[in-house]
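To start, the structure under review is shown below, and the notes come after it.
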Amino acid sequence: MVDYTAADPLSDVFSALADPTRRDIVARLAVGDATVTELAEPYDVTVQAVSKHLKVLEGAGLVSRSRDAQRRPVHLEAEVFDLMTKWIERYRQLAEERYRRLDAFLETMPDNEKEEGK
Amino acid sequence: MTTNTKHETQIIVDPDVPLVRIIREFEAPVEKVFRAHTDPEIFKQWTGPNGYENEIETFDCRTGGSYRYKTSGDGWEGWFRGSFHEVRPNSVIIQTFNYEDIPDGVSLDRIEFEDLGDGRTRLTSTSLVDSFEGRDAFIASGMEVGVNEGYQRLDAILAAS
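Going down the list, the protein sequences come from chains A and B.
Counting in this note's numbering, the first sequence runs from 22 upward without gaps.
Counting in this note's numbering, the second sequence runs from 45 upward without gaps.
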C-alpha cells in the first residue's frame, strides 16, 4: 500500500497552476515543446526566473525536459492534465446524480407548504 | 463553461482560492428548491451518493441551528455535521460541512438560490476550505478507488519523467 498522505500530487498540480505566469507557460507548451529561452521571450523576466517556474511545473509532473538533447526542450505532460480533469469530472458527475434525484423530488413536491396539509 | 444539455451541473475549481463551485438549474420555483434543502424529510431523500441512505439525527435549518446525519451504503457509513450560520428563506444558506472522521477538514459552504422566473431556479453552491490540500481531498471524497488509482498512475508518470 502506498502512503498517499505524505505527498499530495493533485495539490502540487493545483498550486503549480495557481501562478498566472506558470499557467501561461503551460498554455504555450500545449501548442508544442519549447526551450527555456523561447519561453522567457514574451515575459519581462530573466531566463532564471522562468527556469524557477519550470522547476515548480516539473515538480508537479506537469512538464518534463529531455536530458540528452542540447536544447533541452520543455514538454507538457498532457496525461497529468487529463488525470486532474477526470477527478473534477467525477466530482461533477456525483453532484449531477444528486441533483437528478432532487429534480425527481421537486416534481412530486406540492408548490407550497399549505398544500401539503390539504 | 456551459456545454451539452440544458441542466447539466457546472463545476468551477478555482486555481487561486481553495474552493469548489457547483452551479445547477432546476425546473422548479425557488421556494421548492429552498424547501428541499431545509426540510430534513426531503433533504435526506436526495442528498449523498446514489444508492446510499441518510439517517438524520439533528437538522435545524435556521440561522444558528445545526445538523448531523449518517450516510450509509455499500458497506460504508459516515457521519456528517455542521452549523447553519445564516439561513435566509429562498435566498441563501451559509453553513459549515464536516465529515466527522476528518474533524479539521471543515468546509464553509454558501448555497445561493436564484429565482430565474418562469418557475426556474439557479442553485450555486460554493465550498471553501482552508488549504489546497483540503480542497483536493474534498474533490476526492466519495471516490476513494478512483483517486488512489489516479495517484498510482501519477506516481508512474512522475517516475518516468
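Using N, Cα and C, we set each Cβ at its ideal position, and we do this for glycine too.
Everything numeric in this text was worked out from a predicted model, so none of it was measured.
Under the Cβ criterion (8 Å, minimum of three pairs), the stretch 151-158 of chain B counts as touching the stretch 169-179 of chain B. Of all alpha-carbon atoms in A:Leu75, A:Thr67, A:Gln69, the one lying nearest the alpha-carbon of Val47 (chain A) is that of A:Leu75. Distance from the CA atom of Pro62 (chain B) to the CA atom of Phe141 (chain B), rounded to whole angstroms, is 15 Å.
Non-local C-beta neighbours of Leu38 (chain A) in its own chain, meaning closer than 6 Å and more than five positions away in sequence, comprise Arg44, ordered along the chain. Taking a contact to require three or more Cβ pairs closer than 8 Å, the stretch 83-91 of chain B and the stretch 62-75 of chain B do not qualify as touching. Around Glu75 (chain B), the same chain offers Asn134 as residues with beta carbons nearer than 6 Å, after the five sequence neighbours per side are excluded. Within chain A, no C-beta atom comes less than 8 Å from the C-beta of Phe78 (chain B); the nearest is roughly 11 Å away. Rounded to whole angstroms, the separation of the alpha carbons of Lys114 (chain B) and Phe124 (chain B) is 6 Å. For Val136 (chain B), the nearest beta carbon of chain A is not closer than 9 Å to its own beta carbon. The residue from B:Glu101, B:Pro73, B:Tyr96, B:Cys105 with its alpha-carbon nearest to that of Arg132 (chain B) is B:Cys105. For Leu50 (chain A), the uninterrupted alpha helix (DSSP H) run begins and ends at 41-52, by DSSP. Close partners of Arg122 (chain A) in chain B (Cβ separation under 7 Å): Trp90.
In chain order, Gly122, Trp123, Phe124, Arg125 place their CB closer than 8 Å to the CB of Glu144 (chain B), counting only its own chain and leaving out the 5 sequence neighbours on each side. A straight line joining the alpha-carbon of Pro63 (chain A) with that of Val71 (chain A) spans about 11 Å. Interface flag for Gln139 (chain B) against chain A is unset, since no Cβ pair is found closer than 9 Å. In this structure, DSSP gives His129 (chain B) an extended state, which the three-state scheme calls strand.
Within chain A, the residues Glu118 have their CB atoms less than 7 Å from the CB of Asn94 (chain B), given in chain order. In the structure shown, Thr102 (chain B) adopts extended strand secondary structure according to DSSP, grouped into three states. Among the CB atoms of chain B, none fall inside 9 Å of the CB of Ser72 (chain A).
Classified as buried, Leu50 (chain A) has 16 or more neighbouring CB atoms from the shown chains inside 10 Å of its CB.
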